[in-house]
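Enquirer:
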Amino acid sequence: MGILYGRHILLGVTASVAAYKSCELARMLIKAGAVVRVVMTEHAAELVRPLLFETLTGNKVFMEMFPEMRDDPMEHIGLADWADLFLIAPATANFIGKAASGVADDLISTTFLTVDSPVIIAPAMNSRMWQDPSVQANIELLQERGVGIIGPGTGELACGTSGEGRLANLDTIFDAVVGILNKPGPLSGRKILISAGPTREFIDEVRFISNPSTGRMGFMLAGIASSWGAEVVLVHGPTHIEPPGFVRSIEVISAEEMATAVLNNAPDADIIIMAAAVSDWTLPRIDGKIKKKGRDFQKLELRPTKDILAELGKQKGTKILVGFAVETENMIENAREKMNRKNLDMIFVNNPREAGTTFGAATNAGYLITSREERKIPLMDKGELARIILKRLVDILSKTD
Ligand SMILES: Cc1cc2nc3c(=O)[nH]c(=O)nc-3n(C[C@H](O)[C@H](O)[C@H](O)COP(=O)(O)O)c2cc1C
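Positions 2 to 402 (this note's numbering) are the ones given, in order, by the sequence shown.
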């Protein structure tokens, strides 16, 4: 998991011959962990087929302002809200002119006017076009308005001449994206402790009691919180999924080890999110391997493990405490009861019997509950859910400051 883990980058592609380089740029951003959506002009689609971007990004390409059928009639606003950063690379002289003068006659220029997040424009054109006073004036105006302009570079141009106008080096564009997105984020200065994954309670040396949790939810929360500036400690059980490489991780096996690691790291945390599926029971571990026909199996003595969340609730102070619940019936009432009993500020509850919400799935759906509200969460990727939870926590923090 890379430096842009979980960040939403809207990549705008306009009709410059350098449009083919945007494919490589999209790949670099995705490799660094970003989620990339492409919005392109109809002219750009004459040069590079949208299908190529769809294949590279795994997402639909946005182009038409007025398609016959559309899931969301307010797509330009949806896209603008979705983006953490809007990167237009390559940007034609035409797009730059429209952006500078407020023209909104296609999806990309309309989105440009709607977007709230940082914008980077990487111009690419013939050097005479670039030096034209109107283009220079437009660039100056955009810069004054806070738009980041990267490049253009100097060198060989597609028209056979050489000069200033070629798309900036892709590494330079990439570094600019990282630089902007890694500025202090909404969770800068906050310490977040997150638990994730299953625990194992060994019966003997080769068998254990566990559950199918993969840790995905907690890993998403940890990666995104970190890229939003938080100092994250991630305590996780054994899983085949890699935790985000840039987050401080502590790997544990048993519920007892999980309890120790979490409680040791709890005192200076501002937020604690317990997304781990901790075993409710443990048992004395028997040395060696119990024989299949042995009578020892009938003597297994299960005893309850420490309730980490309840323990955290008792020593909560000003911390924000978030729990997860799995309920097959009376979801909201049961989750609310758990939230109150354990002194939590927020709880996410799901019903594993519903499609796409089983343990280990990449998606989830359910209810996000606080003392004030119950928000229904439709089926979505766990990365999206992590962002919703963290955004809500940012809101709560801003009210308690
Ligand atoms: C093959 C080809 C390459 C072009 N390359 C550029 C370019 O690098 N920069 C530019 O500003 N315009 C370039 N143009 C002209 C733009 O495509 C033209 O101005 C178009 O109207 C821009 O549309 P758009 O901004 O909606 O994508 C090129 C045109 C063609 C046919």
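Here a beta-carbon is modelled for each residue, glycine too, at the ideal position from N, C-alpha and C.
How many angstroms separate the CA atom of residue 316 from the CA atom of residue 267?
Expert: The count along the sequence shown starts at 1 and reaches residue 316 at position 315. The count along the sequence shown starts at 1 and reaches residue 267 at position 266. Spanning the two alpha carbons is a distance of roughly 9 Å.
Enquirer: Closer than 8 Å to a non-hydrogen atom of ligand 1 - does that hold for the CB of residue 96?
Expert: By one-based count along the sequence shown, residue 96 stands at place 95. Checking the Cβ of residue 96 against ligand 1 gives yes.
Enquirer: Considering only the beta carbon of each residue, do residue 169 and residue 154 sit closer than 9 Å?
Expert: The residue you call residue 169 lines up with position 168 of the sequence shown. The residue you call residue 154 lines up with position 153 of the sequence shown. Closer than 9 Å, so yes.
Enquirer: Measure the alpha-carbon distance for residue 138 versus residue 119 and round it to whole angstroms.
Expert: Within the sequence shown, the letter at position 137 stands for residue 138. Within the sequence shown, the letter at position 118 stands for residue 119. For residue 138 and residue 119, the distance between alpha carbons rounds to 21 Å.
Enquirer: Are the segment 271-286 and the segment 202-211 in contact at 8 Å, needing three or more beta carbon pairs?
Expert: In short, these stretches touch, since the Cβ pair count reaches three.
Enquirer: How is residue 317 classed by DSSP in three states: helix, strand or coil?
Expert: Sequence index remark: in the sequence shown, residue 317 carries index 316 (1-based). Correct three-state label for residue 317: coil.
Enquirer: Can you tell me where the alpha helix (DSSP H) holding residue 220 begins and where it ends?
Expert: Start at 1 with the first residue of the sequence shown, and residue 220 comes out as number 219. Unbroken alpha helix (DSSP H) run through residue 220: 217-228.
Enquirer: Restricting to Cα atoms, I'd like to know which of 353, 355, 360, 261 is closest to residue 240.
Expert: Translated into the one-based positions of the sequence shown, residue 240 becomes position 239. Nearest of 353, 355, 360, 261 to residue 240, Cα basis: 360.
Enquirer: Which two residues bound the contiguous beta strand (DSSP E) that contains residue 157?
Expert: Counted from its first residue, the sequence shown places residue 157 at position 156. From DSSP, the beta strand (DSSP E) with residue 157 extends over 154-157.
Enquirer: What separation, rounded to the nearest whole angstrom, lies between the Cα atoms of residue 388 and residue 305?
Expert: The residue labelled residue 388 in the question sits at position 387 within the sequence shown. The residue labelled residue 305 in the question sits at position 304 within the sequence shown. Rounded to the nearest angstrom, the two C-alpha atoms are 33 Å apart.
Enquirer: Quick check on the DSSP output: what are the complete beta strand (DSSP E) runs of length 3 or more inside the segment 10-84, in order along the chain?
Expert: Counting only runs of 3 or more, we get 36-41.
Enquirer: Taking 8 Å as the cut-off, is the beta-carbon of residue 125 closer than that to any non-hydrogen atom of ligand 1?
Expert: As a working note, residue 125 is residue 124 in the sequence shown. Because some heavy atom of ligand 1 lies under 8 Å away, the Cβ of residue 125 counts as near it: yes.
Enquirer: Judging by CA-CA distance, which residue of 187, 244, 278 is the nearest neighbour of residue 214?
Expert: Taking the sequence shown and counting its residues from 1, one reaches residue 214 at position 213. It is 278.
Enquirer: What are the residues that DSSP puts in a beta bridge with residue 263?
Expert: In the sequence shown, the residue the question calls residue 263 occupies position 262. In the DSSP output, where bridge partners are listed per residue, residue 263 has none listed.
Enquirer: Of the choices 99, 368, 291, whose alpha-carbon is the least far from that of residue 324?
Expert: Here residue 324 is taken as the residue at index 323 of the sequence shown, counted from 1. Checking every option, the nearest Cα to that of residue 324 belongs to 368.
Enquirer: Taking buried to mean at least 16 other C-beta atoms within 10 Å of its own C-beta, is residue 331 buried or exposed?
Expert: Position 330 of the sequence shown, counted from the start, is the residue given in the question as residue 331. By the neighbour-count rule (16 or more Cβ atoms within 10 Å), residue 331 is not buried but exposed.
Enquirer: Would residue 39 and residue 14 qualify as a contact pair, given that the criterion is a beta-carbon distance under 9 Å?
Expert: Your numbering for residue 39 matches position 38 in the sequence shown. Your numbering for residue 14 matches position 13 in the sequence shown. The answer is yes: Cβ separation under 9 Å.
Enquirer: Quick check on this structure: which residue in 250, 217, 242 has the alpha carbon closest to the alpha carbon of residue 233?
Expert: In the sequence shown, residue 233 corresponds to position 232, counting from 1. Out of 250, 217, 242, 250 has the C-alpha closest to the C-alpha of residue 233.
Enquirer: Please report the Cβ distance between residue 349 and residue 390, rounded to the nearest whole angstrom; I am assuming they are in contact, meaning their Cβ atoms lie under 8 Å.
Expert: On the sequence shown, residue 349 is found 348 positions in, with the first residue counted as 1. On the sequence shown, residue 390 is found 389 positions in, with the first residue counted as 1. Their Cβ separation, rounded to whole angstroms, is 7 Å, which keeps residue 349 and residue 390 in contact under 8 Å.
Enquirer: Excluding the five sequence neighbours on either side, which residues of its own chain have a C-beta within less than 7 Å of the C-beta of residue 126, listed in chain order?
Expert: For this step, residue 126 is matched to residue 125 along the sequence shown. Only 17, 93, 94, 166 meet the Cβ criterion.
Enquirer: So, is residue 207 buried or exposed, given that buried needs 16 or more other C-beta atoms within 10 angstroms?
Expert: Stepping through the sequence shown from its first residue, residue 207 is reached at position 206. Exposed is the call here.
Enquirer: Give me the residue from 400, 218, 313, 394 with the minimum Cα distance to residue 363.
Expert: In the sequence shown, residue 363 corresponds to position 362, counting from 1. Minimum Cα distance to residue 363 is reached at 218.
Enquirer: Is residue 1 helix, strand or coil by DSSP?
Expert: Since the first and last residues shown for the chain are 2 and 402, residue 1 lies out of range.
Enquirer: Would you say residue 17 touches ligand 1, meaning its beta carbon is less than 8 Å from a heavy atom?
Expert: Here residue 17 refers to the residue found at position 16 of the sequence shown. Result yes, Cβ under 8 Å from ligand 1.
Enquirer: Taking all protein chains shown into account, do 16 or more other C-beta atoms lie within 10 angstroms of the C-beta of residue 117, making it buried, or fewer, making it exposed?
Expert: By one-based count along the sequence shown, residue 117 stands at place 116. Classification for residue 117: exposed.
Enquirer: Report the partner residues of residue 86 according to the DSSP bridge assignment.
Expert: Locating residue 86 in the sequence shown gives position 85, where the first residue counts as 1. Residue 86 is bridged to 10.
Enquirer: Rounded to whole angstroms, what is the Cα-Cα separation between residue 9 and residue 80?
Expert: Along the sequence shown, read from residue 1 onward, the residue named residue 9 stands at position 8. Along the sequence shown, read from residue 1 onward, the residue named residue 80 stands at position 79. Near 10 Å, if we compare the C-alpha coordinates of residue 80 and residue 9.
Enquirer: What is the DSSP secondary structure of residue 174, reduced to helix, strand or coil?
Expert: Here the question's residue 174 lines up with position 173 in the sequence shown. It is helical.
Enquirer: Starting from residue 136, follow the alpha helix (DSSP H) in both directions and report where the run begins and ends.
Expert: Within the sequence shown, residue 136 is the residue found at index 135, counting from 1. Start and end: 134-145.
Enquirer: Out of 87, 104, 107, 159, point me to the one whose CA is closest to residue 122's CA.
Expert: Working through the sequence shown from its first residue, we reach residue 122 at position 121. With distances taken between Cα atoms, residue 122 lies closest to 87.
Enquirer: Return the CA-CA distance between residue 157 and residue 111, expressed in angstroms with no decimal places.
Expert: The residue given as residue 157 occupies position 156 in the sequence shown. The residue given as residue 111 occupies position 110 in the sequence shown. Distance between the alpha carbons of residue 157 and residue 111 is about 32 Å.
Enquirer: Can you tell me which of the three DSSP states residue 391 falls into?
Expert: For the purposes of this step, residue 391 is identified with residue 390 of the sequence shown, where counting begins at 1. Reduced to three states, the DSSP call for residue 391 is helix.
Enquirer: Please list the segments of the alpha helix (DSSP H) lying wholly inside the segment 309-384, counting only runs of 4 or more residues, in order along the chain.
Expert: Complete alpha helix (DSSP H) runs here, min 4: 309-315, 332-342.
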